[in-house]
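Participant:
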């Protein structure tokens, strides 16, 4: 949900993210990005199947599904995917190769087919590249409709889902065409981390460590003292949720 009235607008540099107001619960807070029209409500959930239906609510949505993420989580999160498939869906390949005009056209074509209006939402489920492409599709469908994100990789949780940067690649270079379009809401759950490889976990942890280092020496030391990130991030869901939430707030 949106909490536009909880914090007053103040002058901040573009891209500055502000934690403001009081959380609605222990696992929900709102980010305000200066220069953008809407805030981002983040829900940190340990039960994606149980929370997804209430989180999506009665919103009109088109789900853009990363096929790689679906395959990796199909058995472990069967109930979650059943909830997703109750609405309109379009599948994309996932990975960096998805960030192209062909994908955006496919999303727009699916939006037209299901009759997605200006009151609708593009719901992106997958890794960072899928969120980038779907977010750009949302920014350009009917001159811009809200995006909802369910990141399924650690890197997407602490990077692509925050800040509103969307883009696709062209023959001229990476991220050459895009828009700043902050998601209206993000459902973030460490439950998806169990399906990631060690390399994928470390890629996300590197982003977390970067922001801890930029914040303070003490925060970086505290994160480093946790030990092997692949072990504690996968072995302790609450510690993982807290670390992801802290990184998003820092960023």
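In our numbering, the protein residues as written are 193 to 443. Idealized CB from N, CA, C, for every residue including glycine. Predicted, not measured: the structure shown is a model, and the values here were computed from it.
Any chance you could list the alpha helix (DSSP H) runs of at least 4 consecutive residues sitting entirely within the stretch 370-443, in chain order?
Facilitator: 390-407, 409-416, 421-427 and 429-442
Participant: Can you tell me whether residue 373 is buried or exposed, with buried defined as 16 or more other CB within 10 angstroms of its CB?
Facilitator: What you label residue 373 is simply residue 181 of the chain shown in a count that begins at 1. Within a 10 Å sphere around the beta-carbon of residue 373 sit 16 or more other beta-carbons, which makes this residue buried.
Participant: Beta strand (DSSP E) containing residue 359: first to last residue?
Facilitator: One-based indexing of the chain shown puts residue 359 at position 167. Boundaries of the beta strand (DSSP E) around residue 359: 357-362.
Participant: So, residue 291 versus residue 361, is the Cβ gap smaller than 8 angstroms?
Facilitator: On the chain shown, residue 291 is found 99 positions in, with the first residue counted as 1. On the chain shown, residue 361 is found 169 positions in, with the first residue counted as 1. A contact, by the Cβ cut-off of 8 angstroms.
Participant: Can you tell which of 399, 327 and 378 has its C-alpha closest to the C-alpha of residue 232?
Facilitator: Taking the first residue of the chain shown as position 1, residue 232 is located at position 40. Taking the Cα of residue 232 as reference, the smallest distance to any Cα among 399, 327 and 378 is reached at 378.
Participant: Here's a check: name, in chain order, each residue in its chain whose Cβ is nearer than 8 angstroms to the Cβ of residue 401, leaving out the five neighbours to either side.
Facilitator: Numbered from 1 along the chain shown, position 209 holds the residue referred to as residue 401. If we look at residue 401 and ignore the five residues flanking it on each side, its Cβ neighbours are 412, 415 and 416.
Participant: For residue 349, which residues of its own chain have a beta-carbon under 6 angstroms away from its beta-carbon, when the five flanking residues on both sides are left out?
Facilitator: If you number the chain shown from 1, residue 349 lands on position 157. Result list for residue 349: 343, 380 and 436, in chain order.
Participant: Please report how far the alpha carbon of residue 440 lies from the alpha carbon of residue 283, in whole angstroms.
Facilitator: If you number the chain shown from 1, residue 440 lands on position 248. If you number the chain shown from 1, residue 283 lands on position 91. Roughly 27 angstroms separates the two Cα atoms.
Participant: Going straight from the alpha carbon of residue 274 to that of residue 280, what length do you get?
Facilitator: The residue labelled residue 274 in the question sits at position 82 within the chain shown. The residue labelled residue 280 in the question sits at position 88 within the chain shown. Straight-line Cα distance between these residues: approximately 12 angstroms.
Participant: Starting from residue 242, trace the alpha helix (DSSP H) both ways and give me its first and last residue.
Facilitator: Position 50 of the chain shown, counted from the start, is the residue given in the question as residue 242. Note, residue 242: alpha helix (DSSP H), 240-248.
Participant: Given that a residue counts as buried once 16 or more other Cβ atoms are within 10 Å of its Cβ, and exposed if not, what is residue 246?
Facilitator: Looking up residue 246 in the chain shown gives position 54. So residue 246 ends up on the exposed side.
Participant: Nearest to residue 398 by CA position, among 375, 425 and 387, is which residue?
Facilitator: On the chain shown, position 206 is the one that residue 398 refers to. In terms of CA proximity to residue 398, 425 leads the group 375, 425 and 387.
Participant: Tell me which same chain residues have a C-beta within less than 8 angstroms of the C-beta of residue 217, skipping the five on either side of it?
Facilitator: One-based indexing of the chain shown puts residue 217 at position 25. Because residue 217 sits at a pLDDT of 37, beneath the cut-off of 50, its placement in the model cannot be relied upon, and the following sentence gives the value as read from the coordinates. There are no such residues.
Participant: Restricting to Cα atoms, I'd like to know which of 256, 408 and 337 is closest to residue 302.
Facilitator: Counting from 1 along the chain shown, the entry for residue 302 is found at position 110. Measuring from the Cα of residue 302, the nearest candidate turns out to be 256.
Participant: Assign residue 403 to buried or exposed, taking buried as 16 or more other Cβ atoms, counted over all protein chains shown, within 10 Å of its Cβ.
Facilitator: Numbered from 1 along the chain shown, position 211 holds the residue referred to as residue 403. Residue 403 should be labelled buried.
Participant: For residue 324 and residue 410, what's the separation of their Cα atoms in angstroms?
Facilitator: Against the chain shown, residue 324 aligns to sequence position 132. Against the chain shown, residue 410 aligns to sequence position 218. Approximately 32 angstroms between the Cα atoms of the pair.
Participant: When DSSP labels each residue in this structure, what does residue 366 get in the three-state scheme?
Facilitator: Position 174 of the chain shown holds residue 366. In the structure shown, residue 366 sits in a strand (DSSP, three-state: E or B).
Participant: So, with DSSP's three-state summary, where would you put residue 232?
Facilitator: For this step, residue 232 is matched to residue 40 along the chain shown. Correct three-state label for residue 232: strand.
Participant: Can you tell me the Cβ-Cβ gap for residue 286 and residue 327, rounded? I've got them flagged as a contact below 8 angstroms.
Facilitator: Here residue 286 refers to the residue found at position 94 when the chain shown is read from its first residue. Here residue 327 refers to the residue found at position 135 when the chain shown is read from its first residue. Rounded, the Cβ-Cβ distance is 14 angstroms, inconsistent with contact.
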